[in-house]
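J.: Start counting the sequence shown at 25; every next residue gets the next number (the numbering used here).
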Amino acid sequence: MNNEAPVIGVLALQGDVREHLIALAAADAVARPVRRPEELAEVDGLVLPGGESTTISKLAVLFGVMEPLRARVRGGMPVYGTCAGMIMLADKILDPRSGQETIGGIDMIVRRNAFGRQNESFEAAVALRGVEGGPVEGVFIRAPWVESVGARTEVLAEHEGHIVAVRQGNALATSFHPELTGDHRVHSLFVDMVRAYRAGESL
25 MNNEAPVIGV LALQGDVREH LIALAAADAV ARPVRRPEEL AEVDGLVLPG GESTTISKLA
85 VLFGVMEPLR ARVRGGMPVY GTCAGMIMLA DKILDPRSGQ ETIGGIDMIV RRNAFGRQNE
145 SFEAAVALRG VEGGPVEGVF IRAPWVESVG ARTEVLAEHE GHIVAVRQGN ALATSFHPEL
205 TGDHRVHSLF VDMVRAYRAG ESL
């Protein structure tokens with residue numbers, strides 16, 4: 025296996041980009057902001073941060089990065105979406121806003137703002153399959169949940185009966201924000217996925 029640190033981008037159009045860059049660096053990756061197709065071409069994997077999914081969608085189209093993103097995800101590039109990033113990875117949104125597009129890549133139906141508005145944000149311990157050392161602290165901010173998944177999608181975690189973390193192949197998504205907690209285990213899981221992808225292996 026190539027032991028060089030993988031280069032992982034964070035889509036830097038809107039949202040908590042800096043926190044993801046810090047978490048990825050702490051998980052032994054080289055982290056870079058990505059806004060344009062030429063920057064996307066230089067990374068081994070990509071994080072789609074939280075923020076406002078409709079805004080991120082429209083900016084991705086405006087910056088010319090939506091179609092290259094879809095192509096790379098279809099081609100197997102590892103991708104991790106948190107909160108709005110989860111919505112971006114959904115093949116279908118239950119209640120999309122006008123003009124809202126997704127990248128797709130995970131066979132799931134997602135409900136936007138399912139856990140409530142900004143003032144209903146909360147933290148909860150989440151037992152996440154594939155992450156050792158006990159539950160991770162999930163920060164839920166206007167968070168979505170997954171209504172249903174297809175046969176190829178693995179459910180990694182639930183909270184109060186709702187799916188909040190999934191994986192399909194090289195695509196990972198969580199409803200919550202691990203980058204806001206100082207616990208980098210979810211990012212380490214994603215970095216391991218990128219290392220395995222670079223080495224031609226499956227994790």
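The beta carbon of each residue, even a glycine, is placed where N, CA and C say it ideally should be.
Just how far apart, CA to CA, sit Ala36 and Gly74?
T.: 10 Å
J.: Out of Val173, Phe164, Gly193, Val150, which has the shortest C-alpha to C-alpha gap to Glu182?
T.: Out of Val173, Phe164, Gly193, Val150, the CA that lies nearest to the CA of Glu182 is found in Val150.
J.: Please state the DSSP three-state secondary structure of Phe200.
T.: For Phe200, the three-state secondary structure derived from DSSP is coil.
J.: Excluding five sequence neighbours on each side, which residues of the same chain lie with their C-beta closer than 7 Å to the C-beta of Asp52?
T.: Ala29, Val215
J.: Just to confirm the assignment, what range does the alpha helix (DSSP H) spanning Met132 have?
T.: Here Met132 belongs to no alpha helix (DSSP H); instead the beta strand (DSSP E) covers 130-135.
J.: Among the residues of its own chain, which have a CB less than 7 Å from the CB of Arg209, if the five just before and after it don't count?
T.: Val155, Gly157, Val160
J.: If you follow the alpha helix (DSSP H) that His44 is part of, which residue opens it and which one closes it?
T.: Unbroken alpha helix (DSSP H) run through His44: 41-50.
J.: Could you check the C-alpha separation between Gly33 and His211 for me, to the nearest Å?
T.: 12 Å
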